[in-house]
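All residue numbers for the sequence shown refer to our numbering, where the first residue is 249 and numbers rise by one. First comes the structure, then the notes that go with it.
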Amino acid sequence: MDGKKSNELVLKVANLEQSLIKTIRRKQLQFLGHICLHKGSEHLAVAGKIVSKRRRDLHPTRMSLLPILLLLGVSMIASVQGYPGYSETVLNGKKYFISKRRLPLSLAKRNARCKSIGAYLVKIDDPVEHKLLVGAVSRYKGWGPFFTGITDEGSEGRYYNFNDKSPAKYLKWKYFQPDNWWGREHCVEIWGSSLNDLRCERRGRHICEAA
Ligand SMILES: [Ca+2]
Ligand SMILES: [Ca+2]
């Protein structure tokens, strides 16, 4: 009827080695999610001395399916989760997120939004990352501007990354940029294949980079 009895039956009929039975039982336990953290209890379970208590009103088959269904449910949730406000893209093995809504936000608010999904406003470290981001932006179906985390707020002409205040490493500017137009452009967007400075409060999307 139960697992213990059927194992004994298998042992009698097949006359298998005790070690083989133990291996099978261990595999069964692992499969059903009966993971025993303590070595002692694992040994008892393997030896068949621990019998799990079941609710009488639940059929044993349904009980054994429960962990599997739970696992399936969790994996399904994980596969559709994502972040509703962002389009996710993987570049060079790293995750980046482009905000779906064009909003007039401060740089601090844009960065806070990135942080809420375990990321930060994108830093551009080198020509490779620059090129990959340019590609991602060009493929994006929607208007910009696309804000990066690069800024010269508070230090005109000296560009740094907003999230950690580190100096900007790679700046490939568009012709005649940065022009700090009207003395009010302290944020940096990806524009075509290069960068432009623009007003931080402009309505636009921002790009986050996974931390
Ligand atoms: Ca500026
Ligand atoms: Ca500009």
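In this text, a Cβ means the ideal position worked out from N, Cα and C, and glycines have one as well.
Inter-residue spacing [alpha-carbon to alpha-carbon] between residue i and residue j
i: R453; j: G366; result: 18 Å
i: R450; j: S386; result: 20 Å
i: G431; j: Y388; result: 30 Å
i: C456; j: C362; result: 6 Å
i: D445; j: E437; result: 6 Å
i: V338; j: W429; result: 34 Å
i: W439; j: V382; result: 8 Å
i: S335; j: V370; result: 14 Å
i: L353; j: N409; result: 17 Å
i: C448; j: A458; result: 22 Å
i: Q425; j: L443; result: 8 Å
i: V376; j: K413; result: 22 Å
i: S364; j: G333; result: 11 Å
i: S441; j: A384; result: 11 Å
i: L351; j: E401; result: 19 Å
i: Y331; j: D374; result: 27 Å
i: H378; j: Y368; result: 16 Å
Cβ-based burial, residue i [other Cβ within 10 Å; buried from 16]
i: K342; result: exposed
i: M311; result: In this prediction, M311 scores a pLDDT of 49, lower than 50, which makes its location untrustworthy; no coordinate-derived value is stated.
i: K420; result: exposed
i: A416; result: buried
i: G397; result: buried
i: G392; result: buried
Distance between beta carbons of residue j and residue i, contact taken as under 8 Å
i: F395; j: C435; result: 6 Å
i: L380; j: N340; result: 6 Å
i: I372; j: Y418; result: 5 Å
Selected residue, minimal CA-CA separation from residue i, among the options
i: F345; options: N359, D373, P352; result: N359
i: T399; options: G390, Y334, A356; result: A356
i: D427; options: G333, G397, R406, Y418; result: R406
i: G390; options: K348, C448, P332; result: K348
i: S403; options: L443, E433, Y331; result: E433
request  = Please go through the region 376-424 and give each complete alpha helix (DSSP H) segment of 4 or more residues, from N-terminal end onward.
outcome  = none
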